[in-house]
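Report on one structure; see the data block that follows.
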């Protein structure tokens, strides 16, 4: 059994003037989905992806934690682009940072990976 959630899919769609992002994670033979809805602009997309990821992780932890996406960004670092995420576990007063390389020109997938990078080693503890 994997020690970390596995990304099943990241789905992005337009609904009128809003964008909807759904992130589905697999953990301990179950799938958990989180959604976020907001502005359609490219600058808003990383935040929507990050928030949808956090909602899925909260479900993995059976809603025993409250997560906040304090910051999310994509950035050039040398000759690569990376996604960065700063996540707070608000009810535990803890803050974590994660990063992931943007591959295949897919910043959304990299944003999910950055959020998971910030929390992965803690998810098993949160689910206990």
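Residue numbers (this note's numbering): 1 to 128. Ideal placement from N, C-alpha and C gives every residue a C-beta, glycine not left out. The structure presented is a predicted model; accordingly, all values stated were derived computationally and were not measured.
Check	Outcome
Separation of residue 56 from residue 18, as counted between CA atoms	20 Å
Range covered by the alpha helix (DSSP H) that runs through residue 55	45-60
Buried versus exposed call for residue 95 [16 or more other C-beta atoms within 10 Å across all chains shown]	exposed
Sheet register partners of residue 100 (DSSP bridge)	83
Backbone CA spacing between residue 109 and residue 103 [nearest angstrom]	8 Å
Residue 101 versus residue 114: straight-line alpha-carbon distance, rounded	8 Å
Residue nearest to residue 86 in terms of C-alpha spacing, selected from 70, 92, 75	70
Residue 12 vs residue 21 beta-carbon contact at 7 Å	yes
Buried versus exposed, by CB contacts within 10 Å (16 or more), residue 84	buried
Alpha-carbon spacing of residue 42 relative to residue 74, whole angstroms	11 Å
DSSP bridge partner residues for residue 78 (one or two, in chain order)	Note: residue 78 sits in no beta bridge, so no partner.
Extent of the continuous beta strand (DSSP E) to which residue 19 belongs	18-27
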